[in-house]
Amino acid sequence: MTQRLKLEVVDRRDFVVGAGAAAMLAILLGRSTAAFAQEKPPTFDEVFKKIVGDKKPEEGKVSIELPEIAENGNTVPYTVSVDSPMSDADYVKAIHVLAPGNPGPTIASFHFSPMSGEAKVSSRMRLAKTQDIVAVAELSNGSMLAGKRTVKVTIGGCGG
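Put into structure tokens, the structure is as follows:
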């Protein structure tokens with residue numbers, strides 16, 4: 005005896021409805037799991053500690069240029085420079101720019117070598133509110149330098 009399998013034919017309408025329902029379910033489940041997967045950004049103290057470790061940064065050789073008042077926090081220009089000879093024996097390895105008042109305090113990290121010529125960077129940042137901007141420089145000898153400057157923000161740019 006042979007057994008025959010009975011296959012049901014699915015018409016086009018049933019297939020489209022089923023595929024649409026499966027797609028909607030996948031989208032909804034994907035969004036909910038993505039929302040749960042988001043982590044809380046690190047605090048300023050956590051980021052600062054990760055950069056400097058147990059060292060105490062020396063102040064005075066890091067210059068931060070910012071407008072005194074930023075009309076709109078969406079795009080605030082800045083320049084950070086470090087007084088360094090940038091020789092093979094003594095150079096700035098990295099500059100980290102931090103905004104303690106932002107939801108995520110890390111603005112940017114820039115890396116250098118003696119061939120960079122000078123330790124100077126310019127860019128734009130987004131700021132949530134009036135705050136001190138902190139710049140930390142890592143030197144080739146393992147020491148740290150830091151500087152800070154206050155900027156007043158009239159309209160925050162971080163949606164907060």
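For what it's worth, the numbering used here labels the leading residue of the sequence shown as 5, then goes sequentially.
Idealized CB from N, CA, C, for every residue including glycine.
Here the structure is a predicted model, which is why all the values come from computation and not from measurement.
Distance check between S126 and each of E50, P45 and E69 places E69 closest, using alpha-carbon atoms only. The alpha carbon of G146 has as its nearest neighbour, out of P89, K65, K97 and V51, the alpha carbon of K97. Classified as exposed, A93 has fewer than 16 neighbouring CB atoms from the shown chains inside 10 Å of its CB.
Annotated three-state conformation of K97 is strand, per DSSP. V155 sits away from T110, with the two beta carbons spaced by 8 Å or more.
The way I'd put it, the region 136-144 does touch the region 100-116; three or more beta-carbon pairs between them come closer than 8 Å. Of the residues assessed, G151 falls on the buried side of the cut-off, its CB having 16 or more other CB atoms within 10 angstroms. With at least 16 other beta carbons inside 10 angstroms of its own, F116 counts as buried. The straight-line gap separating the alpha-carbon atoms of S113 and R16 is approximately 55 Å. Per DSSP, reduced to three states, the secondary structure at G64 is coil, with no helix or strand assignment. For the pair P45 and P89, the CB atoms are not nearer than the 8 Å cut-off.
Looking at the backbone, the Cα of T158 and that of T79 are separated by about 12 Å.
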